[in-house]
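Asks:
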Amino acid sequence: MSPAERDSDAPVAGGLERAAAILGAFDATHRDLTLAALVARSGLPRSTAHRTADRMIRLGWLDKPKDRYRIGNRLFEIASLAPIRLQLREAVLPFLQDLHSATKVTVQLGVLDGAQILVVEKITGHRPMPMLSQVGGIVPAHCSALGRAILAYSDTETIDAVLAAGLERRTPRTLTDPVAVLRELTAIPPRGWAVEREEGNIGVSCVAAPVFGPLGEVVAALSVTGPSGLIRSQTIGPAVRLAAAAASRAYCSRR
C-alpha cells in the first residue's frame, strides 16, 4: 500500500473509532446523555465528541431530542439484520413464549460474548424484574445460568478464557473459585440444565439449558428467571431442557 493510500485510510479509521467511542458511551443505564456526559463516557475531546455526534445524527445513528443524545432508529434497523436476530432469535422466540406462558416468570435468550453473556431476547410479562439486564445488556458468564449452560458444552479454551477474565463476586453467594465453577459445569450435562441461585442478584434464581447448532455446537442458552421462592430447579429444569431441545431443532432447520 502506498503512503497516499495509507493517508487516505487514516481519517476513515479514525472516524470509525470515534463513532465507536460515542456508541460505547451508551448502555442500559445510560440511554440518554448530555454532551458533557457523552464527553466523559467516551473519553473524546469535547469538540471531537460534538462534531462526531452531529455527523452521526445526520446518518441516523444518533438522535437528539432537546439537549440529550440517544441511539438513533437507523442503528435499530441495521441491528435487526444481524444473523443472531434473524436466525437464532426468530427460531427460539416461539419456545420462549411457550416457556413464559407455562412458568409466568421472566424468560431470556443469551449468547456468549467473550466472558459475558449478551441478552438477545427477554420476555417479562406482568412480572418485571428491573434488576435483570435488558435486551442488548450483558451479564457475567461464570455466575449466570445462561453462561453456565453454554460453558458446560464449550471447549476448554473458551472455559479457560472466562476463568482467566476474573470471577467477579456479585453477591455473597457467587462462586469465585475456579475449581468450584468447573465442578458446577461438570454437573450440568448429566441433568441437562444449569442452575444459579442468587449469585447475580439476591432473591433471584435462574435455570437455563443450552441451544445447539446443526453441527452439535452450543450456540446459545435460554432460561427461566424469577424470585428464588418460585424457581425450583427440579420442577422447572425439565421444562427448560425440553424447550431448549425444541428450539435447537427449530434453529437447525433454518440453517
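Taking my numbering, the leading residue of the sequence shown gets 20, the next gets one more, and so forth.
All C-beta atoms, glycine included, are put in the ideal place defined by N, C-alpha and C.
According to DSSP, is T244 helix, strand or coil?
Replies: Reduced to three states, the DSSP call for T244 is strand.
Asks: In chain order, what residues of the same chain have a beta carbon less than 7 angstroms from the beta carbon of M75, not counting five sequence neighbours either side?
Replies: If we look at M75 and ignore the five residues flanking it on each side, its Cβ neighbours are A38, I41, L81.
Asks: Might you give, ordered along the chain, the residues of its own chain that have their beta carbon closer than 7 angstroms to the beta carbon of I277, omitting 5 neighbours on each side?
Replies: The shown model of the chain, from 20 to 274, leaves out residue 277, and the question about it has no answer.
Asks: Leaving out five residues before and five after S173 in sequence, what residues of the same chain have Cβ atoms less than 8 angstroms from its Cβ?
Replies: Within the same chain, S173 has close Cβ partners L131, V237.
Asks: What is the rounded straight-line gap between the Cα of S21 and the Cα of S66?
Replies: In this prediction, S21 has a pLDDT of 41, which is less than 50 and means its spatial position is unreliable; what the coordinates show is noted afterwards. Whole-angstrom Cα-Cα distance: 31 angstroms.
Asks: What would DSSP say about C162, mapped onto helix, strand or coil?
Replies: In the structure shown, C162 sits in coil (DSSP, three-state: anything other than H, G, I, E or B).
Asks: Can the beta-carbon of A262 be found closer than 8 angstroms to that of D117?
Replies: For A262 and D117, yes; Cβs fall inside 8 angstroms.
Asks: Specify the secondary structure class of I90 as computed by DSSP and reduced to three states.
Replies: Three-state result, I90: strand.
Asks: Report yes if the C-beta distance between L115 and I142 is below 8 angstroms; otherwise report no.
Replies: Yes, the pair counts as a contact, with Cβ atoms nearer than the cut-off.
Asks: Starting from Q106, follow its DSSP beta bridges and name the residues at the other end.
Replies: According to DSSP, which records beta bridges pairwise, Q106 is partnered with nothing at all.
Asks: Whole-angstrom Cβ separation of E218 and R192, contact assumed at under 8 angstroms?
Replies: Going by Cβ atoms, the distance from E218 to R192 rounds to 5 angstroms, so yes, they are a contact pair.
Asks: What does DSSP give as the partner residue(s) for L137 in the beta ladder?
Replies: Partner(s): V130, I157.
Asks: Whole angstroms are fine: how far does the CA of L112 sit from the CA of G91?
Replies: Rounded to whole angstroms, G91 to L112 spans 25 angstroms at the Cα level.
Asks: Work out the CA separation of G248 and L107 for me, nearest whole Å.
Replies: Cα to Cα, L107 sits roughly 31 angstroms from G248.
Asks: Using alpha carbons as the reference points, say which of A183, D46, T53 lies closest to P84.
Replies: Comparing Cα-Cα distances from P84 to each of A183, D46, T53, the minimum goes to T53.
Asks: Where does the unbroken alpha helix (DSSP H) through A228 begin, and where does it stop?
Replies: It is not in any alpha helix (DSSP H) - A228 instead sits in the beta strand (DSSP E) that spans 223 to 231.
Asks: Cα separation between A227 and L241?
Replies: Each residue's Cα considered, the two are about 5 angstroms apart.
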